[in-house]
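Residue numbers (the working numbering), protein chains in the order written: chain V, 109 to 399; chain R, 109 to 399; chain H, 109 to 399; chain L, 109 to 399. Below is one structure; the comments refer to it alone.
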């Protein structure tokens, strides 16, 4: 009977790394969660438990810490260094994938100016990167997650398809809120100012969300993706997943407040989920190392 | 400039459905979380906000509830009914994907026997299913998640690759613990007793985990997958994701307890993550509707 | 100006301890999360940073592990050993409070019987204990949490107070579901078979929930507490916190299913929260060391 | 036998309320989670299921929404309005406690200035308030939670008590990180500018954390509390709970990097937990309605 091993990978997940860079009294803080996944010639370990080709996930964790010894820099670069190291130094390993999330911190503001080595966590979006490398090519996907945004007007929803299960009334004014989960693939891996590129994409996403008069969350999604690609020539593709965080207007009439409005119930579940890709059609598609 | 819409889908996520079936005093409880994702001819809504092809996610939610009116049955069947309905009834929709999780309940045991309509939540593994349909073919993936298991011995780890970052000592006796996340694809969608099949796969996974003397978690993963496919002819493929939930033996010697052992620190992060597929090689691969 | 230090305590929280007891091939597993909080003569450390009275929280963690070297036993006993140790061995410490949660495991069932050293996590309620000691007296509170239960009938709610904001219809048949969070104080700390007592309380709670025909969740709460105290003479008091996990019947009439029922939406938030104490009135009240 | 009902309360928890205030194009957003708990003459409902004294938790939820119809204002005021309403309008209710959390949003910045009705969630600390009222007196506790801060130097820990379980080395330079959970009681409820007071306390907490050269987290806690009370005459008491979020320096010597430093592992569990109160000693203590 033909039973065989298929695709597989292994690695260390969620290594929590904090790096402090000191310049006298003034420090900088880098706070990352790093996950490594390796694939390659790993049949023996699955079929017989022979670990000769298995670099322990503990060693992968150590490598993440050791590579931080001389600085982390931008997460895309740090991921590339790690991915290349694993494939280029381990004969059995053919592909590496490194996922990184950078947790934001900013300096505490004191009356005399920003504190030199005291920080407060920000919570308005986590910067992410995923890097893939197969010994020949590398692929970099940057991203952000947990960026929750809301338009309190400028959103309609009507003219939709109806069936026997449709009870939703049409609306010409609703709250549109979502938690942006966006990832964008760079056309290449050389010459990009990752920090500048990321900050620009973030600004474009926020601006497109705020400035798009919306007839559906899909329209807003496409507008956000198109704005990013139109503005950033270094990018090939962007994927967005936008949960529609429903806000239901509370009917206040039963409480003797017939004309009142402006009060909403923010629901947890269920939620809409809108997912889509916007891509340049004149570029080669992804190799698939970093998605 | 060539910027275009790529893959996209939309739907309602995490509809919380509880169904009570009554047979006199004796009730049965079905507790599901259902997510729907639809794809098809949806360019217009992205490009211009024209919703004519968009069945509201609210209607999708209503459909989940309405279809439960005459009973839910097995989640694979319920998912197939829903997926087929959306594609077959909505001209613009070409593909539907329905994800279902069934939360376990069992009857409360009373001195006089099982209670007729009182239940307690179980927590030893959630049954899942994902169903895909494209108007022609359907694909069913069953699964389970959150099944945490532990072997307190019978696990070694040595003979692994070493590099300059390797400090892990070899061991011939360790705790092996993981939270099983498994999904298996059925070769077909007709004629399967889904409940019997699921119960059997669960038993096979647990038995293979318990009975495999392990030199690596990869070996255990393959043994689990092989055991399932060898025992269940209706299945084509199984994918497993096994976090290695590390338990570190506490060195008690510094506390004046030099010979003592049996005490472990259960770590949260980082953790190993072992992912792999075991498949029949004499069957056509997945269409990809339900993964 | 009169600014002064008030109540304070410190300790190590959420020590994750797993203990394996070996009897040949057959093992037993104990899986705990332990938190320690100490109070006493700690003014100096707050006012000037003088740590002379501060046993490090790292030492507290080590103590938890070291005390497990010769076995854990019942969590109430383990907590008492720890609490007494800290107060009796540290001159500056006057009070200790130890919180313990025991995560459930049971043996994996194999065709030949229960596996000797392979286990699966249960998820139907976590056993807890909190122990307080002040150098003279000790107090033990046992408990359980995360025990989710549901009556699919046998619950009414009507005849309630109404005001201008009341829109809730009365009902003579509803689902009653809650996640039991219960803690009960033992009248003494000696001579109790903690395991037997805990198992009995759990059975009484489940039976009272199932067997009480309910006109309000408050009534069910009191019935559960009374049943426990009436059945267990070793207990002085029980406190229950019962979230009312609302299940709303879905109106299926708009979908052309006018007579259909049995379909519910399980809501996340908001939820009712019913909290109450049932106590013997012929016993001294709690010293307050373990609540 | 003497079994009796003790302390009890009930209410609706986690009502999710969003209020939009419109001034032409320019909107303001208020996003709250509100929980209500009521106590009073509630014996009958516990003992016999008689609901005549029970205002449904559904009505409490409606009240929260209805009271938002004419604006929310500061959460302390909104809580006071609600607490007074329940006690003053329901004859059976003697005490009300309202907990409020305000989720932060700020305007999206566009090239032309702040967006008029587009917002992004902030994540650097949630403002909270708890209000108690018993028909005579009211008590207000303001607070903040989830404010994570870090000093990358300026923290030592040595000279601590040692026992046989102590292995922790002394240090004269460590990372000090915590997630501030602070609540402070106002001496009165009239005449306070709640928003100004809250912003000032937040600044004082951050400044004291950043500016205190620390020999222990207890010292930092007291410094934070003292700074707040010294600076804000309207406050009577402050309670702080500070988890010590341990950052362990990674020893890089085994990787051939003997002099390297600045790399830390951020641990999840266990963590230290430091809790303390700082209070004016020339003021009456809390009635206990709002803690």
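No residue lacks a Cβ here, since even glycine has one placed at the ideal position from N, Cα and C. Remember, predicted model here, so these are calculated numbers, not experimental data.
So who's on the other strand from residue i, going by DSSP bridges?
| i | result |
| --- | --- |
| residue 356 (chain L) | L:373 |
| residue 256 (chain L) | L:287 |
| residue 116 (chain L) | H:384 |
| residue 403 (chain H) | Given that chain H is displayed from residue 109 to residue 399, the structure contains no residue 403 (chain H) and the question cannot be resolved. |
| residue 198 (chain H) | None, per the DSSP bridge assignment. |
| residue 222 (chain V) | V:217 |
| residue 179 (chain L) | BP columns for residue 179 (chain L) are empty, so no partner. |
| residue 130 (chain L) | L:135 |
| residue 278 (chain R) | For residue 278 (chain R), which the question treats as bridged, DSSP gives no partner whatsoever. |
| residue 124 (chain L) | L:141 |
Does residue i come within less than 8 angstroms of chain H when only Cβ atoms are used?
| i | result |
| --- | --- |
| residue 363 (chain V) | yes |
| residue 323 (chain L) | yes |
| residue 131 (chain V) | no |
| residue 259 (chain L) | no |
| residue 306 (chain R) | no |
| residue 387 (chain L) | yes |
Select from the options the residue whose C-alpha is nearest the C-alpha of residue i.
| i | options | result |
| --- | --- | --- |
| residue 313 (chain H) | H:324, H:339, H:217 | H:339 |
| residue 199 (chain R) | R:291, R:344, R:243, R:238 | R:243 |
| residue 133 (chain L) | L:224, L:330, L:154 | L:224 |
| residue 311 (chain R) | R:293, R:138, R:288 | R:288 |
| residue 398 (chain V) | V:153, V:307, V:179, V:184 | V:184 |
| residue 350 (chain L) | L:120, L:396, L:285, L:259 | L:285 |
| residue 369 (chain H) | H:375, H:360, H:377 | H:360 |
| residue 386 (chain R) | R:333, R:222, R:316, R:203 | R:333 |
| residue 262 (chain R) | R:255, R:271, R:280 | R:280 |
| residue 177 (chain L) | L:336, L:187, L:372, L:129 | L:129 |
| residue 138 (chain L) | L:127, L:294, L:146, L:144 | L:127 |
| residue 264 (chain L) | L:282, L:254, L:172, L:298 | L:282 |
| residue 324 (chain H) | L:118, L:193, L:309, L:142 | L:118 |
| residue 187 (chain R) | R:337, R:239, R:347 | R:239 |
| residue 131 (chain L) | L:179, L:213, L:231 | L:179 |
| residue 348 (chain L) | L:217, L:278, L:363, L:382 | L:382 |
May I have the straight-line CA-CA distance separating residue i from residue j, to the nearest angstrom?
| i | j | result |
| --- | --- | --- |
| residue 390 (chain R) | residue 343 (chain R) | 12 angstroms |
| residue 197 (chain V) | residue 149 (chain V) | 14 angstroms |
| residue 296 (chain V) | residue 248 (chain V) | 8 angstroms |
| residue 269 (chain R) | residue 151 (chain V) | 15 angstroms |
| residue 161 (chain L) | residue 291 (chain H) | 27 angstroms |
| residue 352 (chain V) | residue 233 (chain V) | 17 angstroms |
| residue 331 (chain H) | residue 158 (chain L) | 14 angstroms |
| residue 245 (chain V) | residue 252 (chain V) | 24 angstroms |
| residue 426 (chain R) | residue 221 (chain V) | This structure gives no information on residue 426 (chain R), because the portion of chain R shown stretches from 109 to 399. |
| residue 211 (chain H) | residue 169 (chain H) | 19 angstroms |
| residue 141 (chain V) | residue 120 (chain V) | 11 angstroms |
Any beta-carbon of chain R closer than 8 angstroms to the one on residue i?
| i | result |
| --- | --- |
| residue 274 (chain V) | yes |
| residue 377 (chain V) | yes |
| residue 395 (chain V) | no |
| residue 213 (chain H) | yes |
DSSP state of residue i, grouped into three classes?
| i | result |
| --- | --- |
| residue 330 (chain R) | helix |
| residue 293 (chain H) | strand |
| residue 345 (chain V) | strand |
| residue 161 (chain V) | coil |
| residue 227 (chain H) | strand |
When you compare the CB of residue i with every CB in chain L, is at least one pair closer than 8 angstroms?
| i | result |
| --- | --- |
| residue 178 (chain R) | no |
At the 8 angstroms Cβ level, is residue i part of the contact set with chain V, yes or no?
| i | result |
| --- | --- |
| residue 162 (chain L) | no |
| residue 63 (chain R) | In this structure chain R extends from 109 to 399, so residue 63 (chain R) is not present and cannot be described. |
Using a Cβ cut-off of 8 angstroms (strictly closer), state whether residue i contacts chain B.
| i | result |
| --- | --- |
| residue 118 (chain R) | This model lacks chain B altogether, as its protein chains are V, R, H and L. |
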